[in-house]
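A.B. asks: Following this message is one structure expressed as structure tokens.
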Amino acid sequence: MLIRLSNFFFKTLREDPADAEVASHKLLVRAGYLRRQAPGVFAWLPLGLRVKAKIEGIIHEEMAAAGAHEVHFPALLPREPYEATGRWDEYGDALFRLKDRHKADYLLAPTHEEAFTLLVKDIVTSYKELPLSIYQIQDKYRDEARPRAGLLRGREFTMKDAYSFGLTDEQLEQSYLAQRDAYERIFNRLGLDYVIVAADAGAMGGSRSEEFLLPVEIGEDTFVRSDSGYAANVEAYVTPPADPQPYDGVGAPVEFDSPETPTIETLVDLLNREFEHPEGRDWQASDTLKHVVLAVTDQAGERELVVVAIPGDRAVDEKRLEVAFAGYEVTPATPADFAKHPELVAGYIGPVLDGAQILGLEHKSGIRYLVDPRVAEGTVWVSGASRAEVHTRSLVYGRDFSADGVIDIANVRDGDLAPDGSVIQTARGMEIGHVFQLGRKYAEALGLQLLDENGKQQTVTMGSYGIGVTRILAVMAELHHDDRGLIWPANIAPCHVHLVATGKDQIALERAEELASRLVADGVEVLFDDRPKLSPGVKFGDAELLGMPYVVVVGRDAAEGIAEVWDRASGEREKLPIAEVNSWLNAKLGR
RNA sequence: CGGGAUGUAGCUCAGCUUGGCUAGAGCGUCCGGUUUGGGUCCGGAAGGCCGCAGGUUCGAAUCCUGUCAUCCCGACCA
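What follows is the structure, encoded as structure tokens:
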């Protein structure tokens, strides 16, 4: 394989494009891999396509090894199947919709669950054909509110999406693990230092879901992990319930005046000024209970107020809130809500008024009352007294008040505990893969059923498994570059070696030509800069920008049979007899 | 959707505050010469409804209003 730059479709730019912010975006455009078409939409030039094809090649190999069969669907799909599963509406503005000339609705697929399900329904007629895994590599479309960071969050992006079909939970688990293993092999081959985290499975009606995250600052997901190996997306992190505490020695609740304490901070100040903590330490925000009033609306439009209690040192995490109320719309309570419920005194909300519990379905207010998992039997709290400028201390959960249930929506912090008791750290990550047990939701909606070996009608259970191909390409560029340009790993570089012929001396070009032929004959992919009349500086600059892992310069010493070889990643440069370049390269490439 | 910034040559930008005559630079492109191990140098040339619409003015890239677009932060992102 030989590419001659003298006759190649590319153009390097000396300056960063004005609309690029992140390194991968700047470099891929500057080096002539990509051009912007529209926000979050890119044209692919030959160099970019070659890298993309190499990444896809690795995926194809591992999909085949996992027993998945390749198919290909159109990106343009009709509305009806998405109507049947509810996604035509649920997907909202992120779905690209369009009409044909007959005014029929179409969409540009954001993922292909419906299409795959219907194809399997069409083709598979017996349980004996299951389990089955099929996949495609296809462009996906999502009308992101704000595309950003070049390829990292585009509106068109290439994705490998696989779907598994089985009749039993065991078959689903088996297919899931096969894909999960394939993902590990793919990411290992790419040298990506991924973390597998538990993900939220609730919203799609599935049971088990894991994300492959790359721990990078630029990532948009927050996840937690501990030394014990526990790892979860914050959305899926579960706070271990606190242990019940003995409270025999705790005195009865005491109300105290607390003027001008609208915030937790001012309340803690007042506690420290006026009261001694029973344990002799300072009062802390975590001794207090913060009450948040939410309005929860279900799909039928039924609206209900809910009061949530979390420790005063925590805030509500909006993503965790959404997961906790999946399927409902949640908004802050309005002034009108407070007006309707005089027992909710803003800033002084508490479960108890005058010694009697008021919050809770079974209590006077009738408002559902949920508490953080840290609010365990016997824990002692300071809370509002349901009257302006009065708080209560020594409120014991399980003695003085109780809740309708537990809710886990407080934010997560470094030092919190994992379910296994280990200490977690939080980090940012970029999602590069996702494996998901969908269960029977799609099969049910689209009528994918088969007779089992007992002649009983069974609904098929499905999994879906995605890898962001173009996002991985961008991530690889983020991870592998220096201030001069890209530095691809050899297994995804457009070519193995960038061969530069410099000098006006004809002999250098001839020697370079001979070397190129020998390398090609040996199966090396060669990008050959044979452009005439270009100064060496220009060629060196392009060689470094384009990012082949190895550069061979045949120039000044060509007449003596000497070339210079560069290892871009290590920065090493050495002079070698031209005759030895091939074996040097083979050693570097591990061939 | 909220906040911020920016739209001038193929690219990256200056000019706008304080309106004025043929609208500038660098890079790139084309022509001639020069140079050949770090984006050579010299000379010449092509290339711009100054995002769009309206307004103010004798006169608008510059001031005002509207509008569209792009980028950044946030919200959003099965």
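In my numbering, the protein residues as written are 924 to 1514. Heads up, the beta-carbon is just placed ideally off N, CA and C, and yes, glycines get one too.
1) Assess, as a yes-or-no matter, whether the region 1474-1492 is touched by the region 1414-1431 under the definition of 3 or more beta carbon pairs within less than 8 angstroms.
2) Which residues in the same chain as residue 1074 place their Cβ atom closer than 6 angstroms to its Cβ, once the five residues preceding and following it in sequence are excluded?
3) Does DSSP put residue 1156 in a helix, a strand or coil?
4) With a 10 Å radius around its C-beta and 16 neighbouring C-beta atoms as the bar for buried, classify residue 1181 as buried or exposed.
5) Would you report the Cα separation of residue 1201 and residue 1242, rounded to the nearest angstrom?
6) Could you name the residues of the same chain whose beta carbon sits closer than 7 angstroms to that of residue 991, not counting the 5 residues immediately before and after it, in chain order?
7) Going by the CB atoms, is the gap between residue 1415 and residue 978 shorter than 7 angstroms?
8) Is it true that the CB of residue 1088 sits closer than 7 angstroms to the CB of residue 1053?
9) Rounded C-beta distance between residue 1219 and residue 1248? I'm assuming under 8 angstroms.
10) Over the uninterrupted alpha helix (DSSP H) stretch that includes residue 950, give me the two end residues.
11) For residue 1180, does the three-state DSSP call read helix, strand or coil?
12) Considering Cα atoms alone, identify which of 1294, 1253, 1268, 1119 is closest to residue 1235.
13) Count the other CB atoms, across all protein chains shown, that sit within 10 Å of the CB of residue 1004; report buried if there are 16 or more and exposed otherwise.
14) Please state whether the Cβ-Cβ distance between residue 1267 and residue 1216 is less than 7 angstroms.
15) Could you check if residue 1192 is buried or exposed, using at least 16 other CB atoms within 10 Å of its CB as the buried criterion?
16) Within 10 Å of its beta-carbon, does residue 1502 have 16 or more other beta-carbons around it, so buried, or fewer, so exposed?
17) By DSSP's criteria, residue 887 is part of a beta bridge. Which residues make up the other side?
18) The alpha helix (DSSP H) that contains residue 1096, what's its start and end?
19) Which of helix, strand or coil does DSSP assign to residue 1514?
20) Tell me which residues share the same chain as residue 1389 and place their Cβ nearer than 6 angstroms to its Cβ, disregarding the 5 neighbours each side in the sequence.
21) Measuring alpha carbon to alpha carbon, tell me which residue in 1493, 1379, 1371, 1421 is nearest residue 1529.
22) Output the boundary residues of the beta strand (DSSP E) element that contains residue 1371.
23) Quick one: Cα of residue 1447 to Cα of residue 1065, how far?
24) Inspect the beta-carbon positions of residue 1238 and residue 1334 and report whether they are closer than 7 angstroms.
25) Starting from the Cα of residue 1341, find the closest Cα among 1487, 1120, 1460 and give me that residue.
26) So what does DSSP say about residue 1062, is it helix, strand or coil?
27) Give a yes or no on whether the C-beta atoms belonging to residue 972 and residue 965 are separated by under 7 angstroms.
28) Cβ atoms of residue 1007 and residue 1466: under 7 angstroms apart, would you say?
29) Roughly how many angstroms lie between the CA atoms of residue 907 and residue 1012, to the nearest whole one?
30) Can you name, in chain order, every residue of its own chain whose Cβ lies under 7 angstroms from the Cβ of residue 1175, other than the five neighbours on each side?
31) Would you call residue 1198 buried or exposed, if buried means 16 or more other Cβ atoms sit within 10 Å of its Cβ?
32) Could you check the C-alpha separation between residue 1523 and residue 1148 for me, to the nearest Å?
33) When DSSP labels each residue in this structure, what does residue 967 get in the three-state scheme?
34) Helix, strand or coil for residue 1246? Go by DSSP, reduced to three states.
35) Per DSSP, what kind of secondary structure is residue 1218 in: helix, strand or coil?
36) Based on Cα-Cα distance, which residue from 1472, 1338, 1381 lies nearest to residue 1044?
C.D. replies: This is what the structure gives:
1) Here the region 1414-1431 lies against the region 1474-1492, with 3 or more beta-carbon pairs under 8 angstroms apart.
2) Within its own chain, the residues whose Cβ lies closer than 6 angstroms to the Cβ of residue 1074, once the five positions on either side in sequence are excluded, are 1393, 1397, listed in chain order.
3) It is a strand residue.
4) Buried, since its Cβ has 16 or more Cβ neighbours within 10 Å.
5) Pairing residue 1201 with residue 1242, the inter-Cα distance amounts to about 36 angstroms.
6) Closer than 7 angstroms at the Cβ level, and outside the excluded window around residue 991, lie 1056, 1057, 1058, 1085.
7) Yes.
8) Residue 1088 sits close to residue 1053, with the two beta carbons spaced by under 7 angstroms.
9) By a beta-carbon distance limit of 8 angstroms, residue 1219 contacts residue 1248. Their separation comes to about 6 angstroms.
10) It spans 946-953 - the alpha helix (DSSP H) in which residue 950 sits, taken as one unbroken run.
11) DSSP places residue 1180 in strand when its eight states are reduced to three.
12) Ranking the options by Cα distance to residue 1235, first place goes to 1294.
13) Buried: at least 16 other Cβ atoms inside 10 Å.
14) A contact, by the Cβ cut-off of 7 angstroms.
15) By the neighbour-count definition (other C-beta atoms within 10 Å, threshold 16), residue 1192 is an exposed residue.
16) Sixteen is the threshold: since fewer than 16 other Cβ atoms of the shown chains lie within 10 Å of the Cβ of residue 1502, the residue is exposed.
17) Not covered by the structure: residue 887. The range shown for the chain is 924 to 1514.
18) Counted as a single uninterrupted DSSP element, the alpha helix (DSSP H) harbouring residue 1096 occupies residues 1092-1112.
19) Collapsing the DSSP output to three states places residue 1514 in coil.
20) Correct list, in chain order: 1082, 1084, 1357.
21) Since the first residue of the chain shown is 924 and the last is 1514, residue 1529 is not available in this structure.
22) Segment: none, residue 1371 is in no beta strand (DSSP E) and carries neither H nor E.
23) Computed Cα separation, rounded: 39 angstroms.
24) It is a contact, given that the beta carbons lie within the stated cut-off.
25) Of the listed residues, the one whose Cα sits closest to residue 1341 is 1120.
26) It is a strand residue.
27) No, the Cβ-Cβ distance between residue 972 and residue 965 is not below 7 angstroms.
28) The Cβ atoms of residue 1466 and residue 1007 lie no closer than 7 angstroms to each other.
29) With the chain covering 924 to 1514 only, the question about residue 907 has no answer from this structure.
30) Taking residue 1175 as the centre and dropping the five residues before and after it, the same chain places the C-beta of 1317 closer than 7 angstroms to its C-beta, in chain order.
31) Residue 1198 is classed as exposed because its beta carbon has fewer than 16 other beta carbons within 10 Å across all chains shown.
32) In the structure as shown, the chain begins at 924 and stops at 1514. Residue 1523 is therefore absent and cannot be evaluated.
33) Three-state result, residue 967: strand.
34) If DSSP states are grouped into helix, strand and coil, residue 1246 belongs with the helices.
35) Looking at residue 1218 - three-state DSSP - the assignment turns out to be strand.
36) Check the Cα spacing between residue 1044 and each of 1472, 1338, 1381: the tightest is with 1381.
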